[in-house]
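All residue numbers for the sequence shown refer to the numbering used here, where the first residue is 1 and numbers rise by one.
We treat Cβ as the ideally placed atom computed from N, Cα and C, and that holds for glycine.
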Amino acid sequence: MVPFRISRLFGLRVTVDGMLLVNAQGLKLVFKEPKRDDTLRDQQIEQVELTWADLKQVVCDFGMLNDEVVLEVNPTANVVRLPGVSENRVSLSVRKQHREELKELEKRIDEYRRGTRRDDVDDLLDDVRDFLHGG
1 MVPFRISRLF GLRVTVDGML LVNAQGLKLV FKEPKRDDTL RDQQIEQVEL TWADLKQVVC
61 DFGMLNDEVV LEVNPTANVV RLPGVSENRV SLSVRKQHRE ELKELEKRID EYRRGTRRDD
121 VDDLLDDVRD FLHGG
C-alpha cells in the first residue's frame, strides 16, 4: 500500500488523497472525494480497480523532492471515476518518505505482470498491519 496525492484536477487546485494497492488482478486506488466539508461523516470514499489489461504502462519516477507513479491506461479502460485522468494518463504524487513502500510496490507490479508472484495472505495481513501502525 502506498499513499498518494493528486493535486491538480482539470486546471483547478484540488487535492485528492488516497492509497494505491497492488494484487494479482491489477491495481486498486482508494481515495476520498474532494469536498469542502472535512467532517469524516460527509466524506465519500471511492475506489477504482484497474486490471492489468486496462493498464498500458505503470512508471515509478523517483525525484529529488517527491516521487510519482504515472498510470497510462488503455483507451477502452473505464476510468470515469478516477480523478485527474487526462489523455488516458494520471500522475499520482508520492511523498519522499514513502519511497521504500513505492520501491516495493514497483517490484510487486513487475512480478505480477511477469506472472512470477502470487497473492500471499500473510503478506497482505502484514501490509495492513504496517499501515494501521504507521510502519
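Between residue i and the rest of its own chain, which residues show a CB-CB distance below 7 Å, the 5 nearest in sequence each way excluded?
| i | result |
| --- | --- |
| V22 | L105, R108, I109, Y112 |
| Q57 | E72 |
| D54 | G26, V73, N74, A77 |
From the DSSP secondary-structure annotation, give me the bridge partner or partners of residue i.
| i | result |
| --- | --- |
| E72 | Q57, R89 |
| I109 | Answer is none; I109 lacks a bridge partner. |
| Q47 | V30 |
| R95 | N66 |
| F4 | G18 |
For residue i, which of helix, strand or coil comes out of DSSP?
| i | result |
| --- | --- |
| R117 | coil |
| L65 | coil |
| L21 | strand |
| L102 | helix |
Once you ignore the five residues that flank residue i on each side, which residues in its own chain have a CB closer than 6 Å to its CB?
| i | result |
| --- | --- |
| K19 | Per the sequence shown, the amino acid found at residue 19 is Met instead of Lys. Excluding sequence neighbours, M19 sits near M1, P3, V30. |
| E49 | K28 |
| S91 | E68, V70 |
Contact check, residue i vs residue j under 8 Å by CB: the rounded distance?
| i | j | result |
| --- | --- | --- |
| Q44 | K28 | 17 Å between Cβ atoms; not a contact. |
Spatial neighbours of residue i within its chain, please: CB distance less than 8 Å, with the 5 preceding and 5 following residues excluded, ordered by chain position.
| i | result |
| --- | --- |
| L102 | V2, C60, F62, D67, V69, V94 |
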